[in-house]
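Peer 1: Quick one: the structure is below, and I'll ask about it shortly.
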Amino acid sequence: MALSKAPAVRHERVDDASAGQRIDNFLVRVCKGVPKSHIYRILRSGEVRVNSRRVDQTYRVQIGDEVRIPPIRIAEKENAAPVPMGKPFDIAYEDDALLVLDKPAGLAVHGGSGVSFGLIEQLRRQRPEAKFLELVHRLDRETSGLLIVAKKRSALTVLHDMMRDGKVQKRYLTLVSGRWLNAQQHIKQPLLKYLLENGERRVSVNREGKPAHSIVRLVRRWAGYSLLEVELKTGRTHQIRVHLTHAGFPLCGDDKYGDFALNKQLEKEGLGRMFLHAAKLAFRHPLTDQQIELAAPLPAELDGFLAVVEQTREREYG
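So the sequence shown is residues 1 to 318, counted in full-length UniProt numbering.
Have a look at this one:
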């Protein structure tokens with residue numbers, strides 16, 4: 001680790017993107033690399049001033065506030081690999097408060113847990129002029145489709161409340177192994193997170209878990225396969241994958257909960273990823289209350305595999 005040069009007093013002006021954020025979280029963001037323990041220490045000591053006055057950690061910054069930050073020496077990682085620029089993301093919707101993009105499969109939404117960077121870090125690299133870009137929700141690394149990113153703190157706060165209250169409608173398309181019978185079925189099974197010995201995260205149906213609710217609709221069925229639309233009423237980790245596998249319908253290509261022997265066969269037939277796509281979003285704009293309804297078509301690799309299934313399997317429904 002190397003130390004940054006000659007730290008000096010900084011003065012940060014609060015803009016619209018940061019308005020309403022707690023001062024401790026504001027400092028964590030603008031003082032990248034500084035431990036939270038140090039942030040809280042300089043707040044308690046009064047070294048941080050807002051408009052020349054002392055504040056505690058619960059103060060929420062307002063537009064136009066001037067924040068004085070004392071000299072802080074930040075440890076910098078040596079030889080840290082820069083985030084690659086990558087290809088521009090397909091944008092389904094954008095205004096000055098938020099954007100919705102079509103995430104490709106195979107890309108984590110953020111860095112961490114052995115992943116040096118993710119979608120949000122890459123998006124910030126592509127848009128250096130953007131003052132605020134934060135994930136509103138997450139998608140699994142293997143899942144493609146619609147993902148909301150906030151461009152203002154005020155939009156992020158409202159969207160988080162909407163997510164918690166079930167006011168953002170999220171619908172996914174997935175191909176599963178098996179003969180799904182019901183046109184519509186509610187799955188309400190509690191889900192519990194746990195860790196494997198190697199530290200990898202997993203989820204299981206467990207009565208001690210958190211409530212989870214999925215609404216499953218049959219779209220099309222062939223001999224041995226079913227194309228389903230799943231509406232999430234809650235947003236638990238791996239919810240669709242665990243609910244459907246527990247019901248006896250593993251997702252095609254799922255390398256965590258799926259049918260591993262079948263996955264090997266599917267790979268030979270052209271399916272090289274998990275068949276799960278965030279296809280539709282519907283919600284009211286967090287700032288204007290305008291109704292927003294978006295759809296993302298199946299990626300070429302999933303659409304192409306469906307064509308193979310259509311040609312080789314007898315259709316039974318739809």
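Yeah, the Cβ is synthetic: ideal placement off N, Cα and C, and Gly gets one too.
1. Could you say which of Leu-281, Ala-261, Ile-187 and Met-274 lies nearest to residue 390 if we only look at CA atoms?
2. Might you give, ordered along the chain, the residues of its own chain that have their beta carbon closer than 7 Å to the beta carbon of Leu-107, omitting 5 neighbours on each side?
3. Excluding the 5 residues flanking Gln-291 on each side, which residues of the same chain have their C-beta closer than 7 Å to its C-beta?
4. Helix, strand or coil for Thr-157 per DSSP?
5. Between Arg-53 and the rest of its own chain, which residues show a CB-CB distance below 8 Å, the 5 nearest in sequence each way excluded?
6. Who are the near neighbours of Thr-143 in its chain, counting only those whose CB is closer than 6 Å to its CB and skipping five residues on each side?
7. Please classify Val-30: does DSSP put it in a helix, a strand, or coil?
8. Per DSSP, what kind of secondary structure is Arg-164 in: helix, strand or coil?
9. Identify the continuous beta strand (DSSP E) that holds His-11 and give its terminal residues.
10. Given a threshold of 16 other Cβ atoms within 10 Å of its Cβ, counted over all protein chains shown, does Ser-37 qualify as buried or as exposed?
11. So what's Ala-300 in DSSP terms, helix, strand or just coil?
12. Anyone know if the C-beta pair for Val-203 and Ile-215 falls short of 9 Å?
13. Label Phe-260 either buried or exposed according to how many other C-beta atoms from any shown protein chain fall within 10 Å of its C-beta, with 16 as the threshold for buried.
14. For Gln-122 and Gly-86, which I take to be in contact (beta-carbon distance under 8 Å), what is that distance rounded to the nearest angstrom?
15. Measure the alpha-carbon distance for Asp-255 versus Ala-307 and round it to whole angstroms.
16. Assuming Arg-60 and His-11 are in contact, meaning their beta carbons sit under 8 Å apart, how far apart are those beta carbons, in whole angstroms?
17. Pair every Cβ in the region 121–135 with every Cβ in the region 228–244, then say whether three or more of these pairs are closer than 8 Å.
18. Quick check on DSSP: helix, strand or coil for Val-100?
19. Short check: CB of Val-9 to CB of Pro-88, under 9 Å?
20. Kindly indicate which three-state DSSP category Asp-24 falls into: helix, strand or coil?
21. What does DSSP give as the partner residue(s) for Arg-202 in the beta ladder?
22. Tyr-40 by DSSP, collapsed to three states: which one?
23. Please classify Asp-65 as buried or exposed, where buried requires at least 16 other C-beta atoms within 10 Å of its C-beta.
24. If you drop the 5 nearest sequence neighbours on each side, which residues of the same chain put their C-beta closer than 6 Å to that of Glu-314?
25. In the DSSP output, which residue or residues are listed as bridge partners for Asp-90?
26. Would you give the residue range spanned by the alpha helix (DSSP H) that Gln-122 belongs to?
Peer 2: Walking through what the data contain:
1. Within the shown structure, residues of the chain are numbered from 1 to 318, placing residue 390 beyond reach of any answer.
2. Translated into positions along the sequence shown, residue 107 becomes position 107. Contacts found: Gly-118, Leu-119 and Arg-141.
3. By one-based count along the sequence shown, residue 291 stands at place 291. Excluding sequence neighbours, Gln-291 sits near Arg-284.
4. For the purposes of this step, residue 157 is taken as the residue at position 157 of the sequence shown. The answer is helix: DSSP assigns Thr-157 an H, G or I state.
5. Position 53 of the sequence shown, counting from 1, holds the residue named residue 53. Only residues of its own chain outside the window of five on either side were considered, and among them none has a CB closer than 8 Å to the CB of Arg-53.
6. Here residue 143 corresponds to residue number 143 of the sequence shown, with the count starting at 1. If we look at Thr-143 and ignore the five residues flanking it on each side, its Cβ neighbours are Leu-276.
7. Counting from 1 along the sequence shown, the entry for residue 30 is found at position 30. In the structure shown, Val-30 sits in a helix (DSSP, three-state: H, G or I).
8. Translated into the one-based positions of the sequence shown, residue 164 becomes position 164. DSSP places Arg-164 in helix when its eight states are reduced to three.
9. Within the sequence shown, residue 11 is the residue found at index 11, counting from 1. First-last of the beta strand (DSSP E) with His-11: 10–13.
10. The count along the sequence shown starts at 1 and reaches residue 37 at position 37. Exposed is the call here.
11. Numbered from its first residue, the sequence shown carries residue 300 at position 300. DSSP places Ala-300 in helix when its eight states are reduced to three.
12. Against the sequence shown, residue 203 aligns to sequence position 203. Against the sequence shown, residue 215 aligns to sequence position 215. Cβ distance not < 9 Å, so Val-203 and Ile-215 don't count as in contact.
13. Translated into positions along the sequence shown, residue 260 becomes position 260. Burial state of Phe-260 is exposed, judged by a 10 Å Cβ sphere holding fewer than 16 other Cβ atoms.
14. The count along the sequence shown starts at 1 and reaches residue 122 at position 122. The count along the sequence shown starts at 1 and reaches residue 86 at position 86. With 8 Å as the limit, Gln-122 and Gly-86 qualify as a contact, their Cβ atoms being about 5 Å apart.
15. Within the sequence shown, numbered from 1, the residue matching residue 255 stands at position 255. Within the sequence shown, numbered from 1, the residue matching residue 307 stands at position 307. The alpha-carbon atoms of Asp-255 and Ala-307 are separated by roughly 22 Å.
16. Against the sequence shown, residue 60 aligns to sequence position 60. Against the sequence shown, residue 11 aligns to sequence position 11. The Cβ separation is near 19 Å, so there is no contact.
17. Counting Cβ pairs under 8 Å, fewer than three are found: no touch.
18. The sequence position of residue 100 within the sequence shown is 100, counting from 1. If DSSP states are grouped into helix, strand and coil, Val-100 belongs with the strands.
19. Position 9 of the sequence shown, counting from 1, holds the residue named residue 9. Position 88 of the sequence shown, counting from 1, holds the residue named residue 88. Cβ distance not < 9 Å, so Val-9 and Pro-88 don't count as in contact.
20. Your numbering for residue 24 matches position 24 in the sequence shown. Helix.
21. As a position in the sequence shown, residue 202 is number 202, starting the count at 1. Paired residue(s): Tyr-194.
22. The residue you call residue 40 lines up with position 40 of the sequence shown. DSSP, read as helix, strand or coil, puts Tyr-40 in helix.
23. In the sequence shown, the residue the question calls residue 65 occupies position 65. Looking at its Cβ environment, which holds 16 or more other Cβ atoms inside 10 Å, Asp-65 is buried.
24. The residue you call residue 314 lines up with position 314 of the sequence shown. The answer, listed in chain order, is Ala-223.
25. Along the sequence shown, read from residue 1 onward, the residue named residue 90 stands at position 90. Answer by DSSP bridge pairing, in chain order: Asp-102.
26. Sequence index remark: in the sequence shown, residue 122 carries index 122 (1-based). 119–126 is the extent of the alpha helix (DSSP H) around Gln-122.
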